[in-house]
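Peer 1: Each residue of the sequence shown is one higher than the one before, counting from 174 in my numbering.
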Amino acid sequence: ALTGGLAGYAWRHRDEPGATSLAAAMVGVTTWTILEILAITETGASHLFWERIQWTAIAVVPLFFFFFMVDFTGHGWVLSRRLVPLFLVVPAVTAALAWTNPAHNLMWTDPAHLRAAGLTNIDLAFGPWFWVYFAYAYTLQMIGFALLLRLVVVSEYLYLDQTVLIVVGIVAPLAGNATSVFGYAPLPGLDLTPLGFTVTGLAFGNALFRYRLFELLPATRRLGRQAALVGMDDGVVIVDTDRTMLYMNPAAGDILACDPEDAVGEPADELVDTDELDFAATDRLAELSLDGRTYEVETAPIDDRRGKQVGHTVLLYDVTERTRREAELRAQRDRYKRLERINTVIREVNGALVGATTVEELQRAVVETLATPDLYDDVWLSVTASDGPPVRMTAGESGPEPAEEGLPASLEAPESPSSLGERDLDLATDGDRGPTAAGDWATVALVYGRTVYGAMALHTDREAGFDERELEVLDELGETIGHALTAIERTHLLLSDSRVEVDLSATDEGALLVALSEATGTEWALDGLVPATEGELLAYLSTDAEDAGVDAARGHAGVSDVRTVATGGGTTLEVRAGGGMLANPLLECGANVVDATASDGRCELTVELSSDTAVRAVVNRVRGSFPGTDLRAKREVEPTDGEPLPDETDMTDRQREALRPCTPTSGRPRTDSSRSSSRDNYSFSYISWESISTASPNYVARALMGDLDKSARYSYLSFFFGFLDNV
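(1) Looking at the unbroken beta strand (DSSP E) that takes in residue 621, where does it start and where does it end?
(2) Among 576, 573, 552, whose alpha-carbon lies nearest the alpha-carbon of residue 614?
(3) Would you list the residues sitting across from residue 469 in a DSSP beta bridge?
(4) Can you tell me the Cα-Cα spacing of residue 437 and residue 256, whole angstroms?
(5) I need the DSSP call for residue 516, collapsed to helix, strand or coil.
(6) Which of the three DSSP states, helix, strand or coil, is assigned to residue 773?
(7) Check the DSSP bridge columns for residue 555 and list the partner residues they point to.
(8) How would you write the range of the alpha helix (DSSP H) that residue 903 sits in, first residue to last?
(9) As a quick exercise: from 544, 557, 559, pick the residue whose alpha carbon is nearest that of residue 576.
(10) Residues in the same chain with beta-carbon distance under 7 Å from residue 271, minus the five sequence neighbours each way, listed in chain order, please.
(11) What distance in whole Å lies between the Cβ atoms of residue 241 and residue 194, which are believed to be in contact at a cut-off of 8 Å?
(12) Is the distance from the Cβ of residue 487 to the Cβ of residue 476 below 8 Å?
(13) In this structure, what does DSSP give as the bridge partners for residue 807?
(14) Measuring straight from C-alpha to C-alpha, what distance separates residue 350 and residue 274?
(15) Please name the residue, chosen from 751, 715, 509, 525, that lies closest to residue 743 on a Cα-to-Cα basis.
(16) Which one or two residues does DSSP pair with residue 485 in a beta bridge?
(17) So, with DSSP's three-state summary, where would you put residue 724?
(18) Out of 278, 239, 620, state which residue places its alpha-carbon closest to the alpha-carbon of residue 315.
(19) Alpha helix (DSSP H) containing residue 251: first to last residue?
(20) In terms of alpha-carbon separation, which member of 760, 619, 464 lies closest to residue 657?
(21) Rounding to the nearest angstrom, what Cα-Cα distance links residue 810 and residue 663 in this structure?
(22) Relative to the alpha-carbon of residue 556, which residue among 533, 573, 538 has its alpha-carbon at the smallest distance?
(23) Can you tell me whether residue 639 is buried or exposed, with buried defined as 16 or more other CB within 10 angstroms of its CB?
(24) Where does the unbroken beta strand (DSSP E) through residue 784 begin, and where does it stop?
(25) Closer than 6 Å by C-beta to residue 805: which residues in its own chain qualify, once you throw out the five before and the five after it? Chain order, please.
(26) With respect to the beta strand (DSSP E) encompassing residue 421, which residues constitute its N-terminal and C-terminal limits?
(27) Classify residue 831 as helix, strand or coil using the three-state DSSP reduction.
(28) Taking residue 423 as the reference, which of 412, 439, 405 has the closest Cα?
(29) Do residue 427 and residue 419 count as a contact pair if the criterion is CB distance below 8 Å?
(30) Tell me where the beta strand (DSSP E) around residue 690 begins and ends.
(31) Over what stretch of residues does the beta strand (DSSP E) that includes residue 704 continue unbroken?
(32) Is residue 733 helix, strand or coil by DSSP?
(33) Going by DSSP in three states, residue 849 sits in which element: helix, strand or coil?
(34) Mapping DSSP to helix, strand and coil, what is residue 182?
(35) Here's the rule I'm using: 16 or more other beta-carbon atoms within 10 Å means buried, otherwise exposed. How should residue 509 be labelled?
(36) Can you tell me which residues form a DSSP beta bridge with residue 712?
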């Protein structure tokens, strides 16, 4: 009853390792005991009949106990479908021979019935196969006991209580059986094995209910540990003291590109450079780079119970993504620091631009400021507005140092900026970079509006070279330098003692005056120019023909607005354009358009430049937009006092008042300078005053008065608009 109950309990827990085998063993024990009881109550042939049936259970009980011990200790691989049939061969043959023993006597011979103490026993002489089975059964039990003993040791006696009860439960019937087989039973022919099963029931009952045999399974611990090693994403390698591979999980096999089973027994240095691994240190992490991946390596010693080192565990952690993110963060931090440094240098360059009064001063100031250690170690700058050579400096330990003036041989010379037109401007203004054997070069165009003044080349030996944001900043710097060059040219034009006048002739239909003369068949003249907003110009064009050229002007490329100005005769157009006029590139170059007329598809212009302006660069700039433009003449002219004012008899009272000396209350008598200023005010703009009466004040005021002092503005407004009586 006890063993039958244990069989039922084990079956209810059949999903646990060893439970099914234990249930089968307990069923066999129960069957063996019942059949033994039936046999000892019978005599003669009936006794032998139950004896033969009893061997059906006897043959398999030891095997099922073996299966239980194997599965319980975590060696379930023994119970594979390939091995179990082999284990069943001997029990099956034994049961078959027991049933057919009278025919061959291989199991026993000379059975004799003995009656003692009210029990009928049978005394047998065992045959040769019995001893084969006896050796087989006891060998299986010894193997099982060895596995249990090993479990106790490797688990540091964690499962000692359960193991002792299992051993006692199995040894008890084995001892009874051996006592009977070798003739030491108290009664001849008495089988003590069923009595030992009583101890088995008590021992396994304690193990199951008191020590929770199926709740604290060593197989689960062992298999879980194996599954954890196999399923780890990190590599695990175990080597002995000679650095020979003892174990490798699949992840380590993938990392080291080898089969884990084939690697066992191989020297570790055939798979990885062991010189990079410090097996003596337990707190040091090494790094390995394999097939483009980065692995962090940690080693730990393996000691036996006596503290003797027997090997090492090597853990391989894939830190590629972490390393990549760290590198990105470092690069980002360095980029921000570099941009901060660049911004500081740019501010210094802007300060230097403010103080530069000549192109040569500007070149030197820019190059000296940019040639900075750890930023740009070589800077080269060339402008078309200067007749001097390019300026080049390198960043030395004590400051910028002059270098050879030519463009570095490792950098291909860009196209001459003076030959670039609007079609090429986008290419010229894009910051370009090119790696060389000793670093990285970037070329930057110096531009203002649609005019390219020159080029600048910067070299860095930084490993990362130039990034996109840095190139954008350098492009902006190129525009700032171009603006400064424009300001210098215009300042020289206003202040120079001598100027250069050039005559230009254009037949390009892209020029508005040329197109109007061809479309209308009449002569057109430029009466005035006013800088407008967003880089556009407000031009006043006139012809003697009535209502002419409106549609042609509106359809011309670059024109955004056309209005007709009321005049006493002919046609005057107010044209707003950001391109399509010869004046656009000329004003960008700092030129002053003195006169412009067009007839029969040809436009003749007279342009005033400062004496130090590169005329060829200006002409090339105009040709870039209007190829059909030629230089006709060039001449030096001296500055004049401007056009004479009208006779006072032809002026109104307000106009005469504006030209008279100030009243005593002002405390400021009129000087020659102020009279000159008034005269300049009269002839300041290129606009005819019939046209300005209809022009938009927003377009006119800034252009006419932006650079005038307070006195000049007062005189100017008084003379032409006569509204200051109440101011």
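Here a beta-carbon is modelled for each residue, glycine too, at the ideal position from N, C-alpha and C.
Note that the structure is a prediction, hence the values are computed from the model and not measured.
Peer 2: In terms of the structure at hand:
(1) As a position in the sequence shown, residue 621 is number 448, starting the count at 1. That run of the beta strand (DSSP E) goes 612-621.
(2) Within the sequence shown, numbered from 1, the residue matching residue 614 stands at position 441. Checked all of 576, 573, 552; the closest Cα to residue 614 is 552.
(3) The residue labelled residue 469 in the question sits at position 296 within the sequence shown. Its beta-bridge partners are 460, 490.
(4) Counting from 1 along the sequence shown, the entry for residue 437 is found at position 264. Counting from 1 along the sequence shown, the entry for residue 256 is found at position 83. Approximately 25 Å, taken between the alpha carbons.
(5) Along the sequence shown, read from residue 1 onward, the residue named residue 516 stands at position 343. Helix.
(6) What you label residue 773 is simply residue 600 of the sequence shown in a count that begins at 1. In the structure shown, residue 773 sits in coil (DSSP, three-state: anything other than H, G, I, E or B).
(7) Sequence index remark: in the sequence shown, residue 555 carries index 382 (1-based). Answer by DSSP bridge pairing, in chain order: 628.
(8) This structure leaves residue 903 out entirely; the chain is present only between 174 and 900.
(9) Taking the first residue of the sequence shown as 1, we reach residue 576 at position 403. Answer by Cα proximity: 544.
(10) For the purposes of this step, residue 271 is taken as residue 98 along the sequence shown, with counting starting at 1. Once the five neighbours on either side are set aside, the close Cβ partners of residue 271 are 225, 228, 280.
(11) Within the sequence shown, the letter at position 21 stands for residue 194. Within the sequence shown, the letter at position 68 stands for residue 241. Confirmed, Cβ separation roughly 4 Å.
(12) Your numbering for residue 487 matches position 314 in the sequence shown. Your numbering for residue 476 matches position 303 in the sequence shown. Result no, Cβ atoms of residue 487 and residue 476 do not sit closer than 8 Å.
(13) Walking along the sequence shown from the start, residue 807 turns up at place 634. Residue 807 pairs with 675.
(14) Residue 350 sits at position 177 when you count from the first residue of the sequence shown. Residue 274 sits at position 101 when you count from the first residue of the sequence shown. So the alpha carbons of these two residues sit roughly 21 Å apart.
(15) Mapped onto the sequence shown, residue 743 falls at position 570. Taking only the C-alpha atoms, the option nearest residue 743 is 715.
(16) In the sequence shown, residue 485 corresponds to position 312, counting from 1. BP columns for residue 485 point to 412, 474.
(17) For the purposes of this step, residue 724 is taken as the residue at position 551 of the sequence shown. Helix, per DSSP.
(18) As a working mapping, residue 315 is identified with position 142 in the sequence shown. The candidate whose alpha carbon is nearest that of residue 315 is 239.
(19) By 1-based counting over the sequence shown, the position of residue 251 is 78. Careful: residue 251 lies outside any alpha helix (DSSP H) and carries neither H nor E.
(20) In the sequence shown, counting from the first residue as 1, residue 657 sits at position 484. Among 760, 619, 464, the Cα nearest to that of residue 657 belongs to 619.
(21) Position 637 of the sequence shown, counted from the first residue, corresponds to residue 810. Position 490 of the sequence shown, counted from the first residue, corresponds to residue 663. Whole-angstrom Cα-Cα distance: 17 Å.
(22) Translated into the one-based positions of the sequence shown, residue 556 becomes position 383. When only C-alpha atoms are compared, the closest one is 533.
(23) On the sequence shown, position 466 is the one that residue 639 refers to. Buried, since its Cβ has 16 or more Cβ neighbours within 10 Å.
(24) By one-based count along the sequence shown, residue 784 stands at place 611. Premise fails: residue 784 is in no beta strand (DSSP E) and is neither H nor E.
(25) Looking up residue 805 in the sequence shown gives position 632. Within the same chain, residue 805 has close Cβ partners 676, 678.
(26) Counting from one through the sequence shown, the residue named residue 421 turns up at place 248. First-last of the beta strand (DSSP E) with residue 421: 418-421.
(27) Here residue 831 corresponds to residue number 658 of the sequence shown, with the count starting at 1. Caution is warranted here: a pLDDT of 41 is assigned to residue 831, below 50, making its placement in the model unreliable, and the coordinate value is therefore given only provisionally. Three-state DSSP puts residue 831 in a helix.
(28) Here residue 423 refers to the residue found at position 250 of the sequence shown. Checking every option, the nearest Cα to that of residue 423 belongs to 405.
(29) For the purposes of this step, residue 419 is taken as residue 246 along the sequence shown, with counting starting at 1. For the purposes of this step, residue 427 is taken as residue 254 along the sequence shown, with counting starting at 1. It is not a contact, given that the beta carbons lie outside the stated cut-off.
(30) Locating residue 690 in the sequence shown gives position 517, where the first residue counts as 1. Counting along the chain, residue 690 falls outside any beta strand (DSSP E), though it belongs to the alpha helix (DSSP H) covering 685-693.
(31) If you number the sequence shown from 1, residue 704 lands on position 531. First-last of the beta strand (DSSP E) with residue 704: 697-704.
(32) Stepping through the sequence shown from its first residue, residue 733 is reached at position 560. It is a strand residue.
(33) Stepping through the sequence shown from its first residue, residue 849 is reached at position 676. The pLDDT assigned to residue 849 is 40, lower than 50, so where the model puts this residue is not dependable; a value taken from the coordinates is nonetheless given after this. In this structure, residue 849 counts as helix in the three-state DSSP scheme.
(34) What you label residue 182 is simply residue 9 of the sequence shown in a count that begins at 1. The answer is helix: DSSP assigns residue 182 an H, G or I state.
(35) Against the sequence shown, residue 509 aligns to sequence position 336. Residue 509 is exposed by the Cβ-count criterion.
(36) If you number the sequence shown from 1, residue 712 lands on position 539. 702, 748.
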